[in-house]
Amino acid sequence: KQEVTQIPAALSVPEGENLVLNCSFTDSAIYNLQWFRQDPGKGLTSLLLIQSSQREQTSGRLNASLDKSSGRSTLYIAASQPGDSATYLCAVRQSDYKLSFGAGTTVTVRA
Amino acid sequence: DTAVSQTPKYLVTQMGNDKSIKCEQNLGHDTMYWYKQDSKKFLKIMFSYNNKELIINETVPNRFSPKSPDKAHLNLHINSLELGDSAVYFCASSQDERALYFGPGTRLTVT
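What follows is the structure, encoded as structure tokens:
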């Protein structure tokens, strides 16, 4: 059974600092890994999708890396802004259409 | 131009009642899902349908019955509601095993 862990559970940084969010998973037989953002009381917004054959994906200030062999992914957010405050979730997809989610990291960026 | 929509957004009902949540996606995706997010914000898959056929049915009480009348719709019917059913229910869709897109969620409160 795939288990996905996100550490830390919460993170508070001053504006402008770079954010590093970690995601680890127990079964390396994955199809892809997806990072989401969830604002309070809202749905999930897809940020980045990394296929199992890829090492990283970038979108603007966001960069996600994937090390399948060690079961880790890291989401980097450069030059954080107060608008980046949200909960960030990673989800690992295995080939049977099932996504396993981590519990998320709640980020607060202080102005 | 909403991609994945759900109705209602909020649902407050008493124990023992039967209720339904509707989901529609206009992305042309062939796979749709229902997820439950509990009070600890943990997301867990309940059901997945591919081209109107059930492909994932997690350990969910049989009081929960999904129905997919066509590829663009996946509804969730819940019988004999219990206090423990209170949660946020998210519908999502994807094309095969690609990125997942979520609806805004339905907050169900059972009193």
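Going down the list, the sequences are from chains A and B.
Counting from 6, one number per residue, gives the positions in the first sequence under the numbering used here.
Counting from 26, one number per residue, gives the positions in the second sequence under the numbering used here.
Here a beta-carbon is modelled for each residue, glycine too, at the ideal position from N, C-alpha and C.
Beta-bridge pairing of residue i - partner residues as DSSP gives them
{"i": "D95 of chain B", "result": "B:H98"}
{"i": "F41 of chain A", "result": "A:S51, A:L94"}
{"i": "I81 of chain B", "result": "B:S73"}
{"i": "Y60 of chain B", "result": "B:I70, B:F115"}
{"i": "I35 of chain A", "result": "Looking at the DSSP assignment, I35 of chain A forms no beta bridge with any residue, so it has no partner."}
{"i": "K47 of chain B", "result": "B:T32"}
Proximity winner among the options, relative to residue i (alpha-carbon distances)
{"i": "R115 of chain A", "options": "A:L94, A:F41, A:A15, A:P87", "result": "A:P87"}
{"i": "L52 of chain A", "options": "A:I12, A:E20, A:T79", "result": "A:T79"}
{"i": "S105 of chain A", "options": "B:E83, B:S105, B:L106", "result": "B:E83"}
{"i": "G76 of chain A", "options": "A:E20, A:T113, A:C28", "result": "A:C28"}
{"i": "D43 of chain B", "options": "B:R123, B:L108, B:F115", "result": "B:L108"}
{"i": "P94 of chain B", "options": "B:N104, B:G41, B:M40, B:E49", "result": "B:E49"}
{"i": "T110 of chain A", "options": "A:R66, A:K47, A:E20, A:S90", "result": "A:S90"}
{"i": "I35 of chain A", "options": "A:F41, A:V18, A:C95", "result": "A:C95"}
{"i": "T113 of chain A", "options": "A:K103, A:V97, A:T92, A:G107", "result": "A:T92"}
{"i": "V18 of chain A", "options": "A:F41, A:K6, A:S85, A:I55", "result": "A:S85"}
{"i": "T70 of chain A", "options": "A:E20, A:V25, A:K6, A:L16", "result": "Residue 70 of chain A is actually Ser in this sequence, not Thr. Per the Cα distances, A:V25."}
{"i": "V97 of chain A", "options": "B:I103, B:T27, B:S73, B:L125", "result": "B:L125"}
{"i": "T27 of chain B", "options": "A:K103, A:G48, A:N68", "result": "A:G48"}
{"i": "P91 of chain B", "options": "B:L68, B:C116, B:F67", "result": "B:C116"}
{"i": "Q56 of chain A", "options": "A:Q11, A:S33, A:G46", "result": "A:S33"}
{"i": "M40 of chain B", "options": "B:I103, B:S118, B:D121", "result": "B:I103"}
{"i": "R123 of chain B", "options": "A:G46, A:N37, A:R66", "result": "A:N37"}
Length of the line joining the Cα atoms of residue i and residue j
{"i": "Q31 of chain B", "j": "I46 of chain B", "result": "7 Å"}
{"i": "L52 of chain B", "j": "F127 of chain B", "result": "11 Å"}
{"i": "I70 of chain B", "j": "Q39 of chain A", "result": "15 Å"}
{"i": "K73 of chain A", "j": "L133 of chain B", "result": "37 Å"}
{"i": "G157 of chain B", "j": "E78 of chain B", "result": "Past the boundaries of the shown model lies residue 157 of chain B; chain B is included only from 26 to 136, so the question cannot be answered."}
{"i": "H98 of chain B", "j": "I80 of chain B", "result": "15 Å"}
{"i": "P86 of chain B", "j": "Y81 of chain A", "result": "39 Å"}
{"i": "P13 of chain A", "j": "Y60 of chain B", "result": "24 Å"}
{"i": "Q43 of chain A", "j": "S111 of chain B", "result": "19 Å"}
{"i": "S58 of chain A", "j": "A83 of chain A", "result": "24 Å"}
{"i": "S105 of chain B", "j": "R88 of chain B", "result": "7 Å"}
{"i": "S73 of chain B", "j": "Q99 of chain A", "result": "14 Å"}
{"i": "T63 of chain A", "j": "P45 of chain A", "result": "25 Å"}
Helix, strand or coil at residue i according to DSSP, with G and I counted as helix
{"i": "D89 of chain A", "result": "helix"}
{"i": "D121 of chain B", "result": "coil"}
{"i": "D72 of chain A", "result": "strand"}
{"i": "L52 of chain B", "result": "coil"}
{"i": "L106 of chain B", "result": "coil"}
{"i": "R66 of chain A", "result": "coil"}
{"i": "M40 of chain B", "result": "coil"}
{"i": "T111 of chain A", "result": "strand"}
{"i": "N23 of chain A", "result": "coil"}
{"i": "A15 of chain A", "result": "strand"}
{"i": "R60 of chain A", "result": "coil"}
{"i": "S29 of chain A", "result": "strand"}
{"i": "Y126 of chain B", "result": "strand"}
{"i": "K34 of chain B", "result": "coil"}
{"i": "K103 of chain A", "result": "coil"}
CB-CB length for residue i against residue j, believed under 8 Å
{"i": "V135 of chain B", "j": "Q62 of chain B", "result": "Going by Cβ atoms, the distance from V135 of chain B to Q62 of chain B rounds to 15 Å, so no, they are not a contact pair."}
{"i": "E61 of chain A", "j": "F30 of chain A", "result": "That pair is no contact at about 16 Å."}
{"i": "F67 of chain B", "j": "A108 of chain A", "result": "5 Å"}
Closer than 7 Å: residue i CB and nearest the ligand NAP heavy atom
{"i": "A108 of chain A", "result": "Looking for the ligand NAP in the displayed structure turns up nothing, as the structure carries no ligands at all."}
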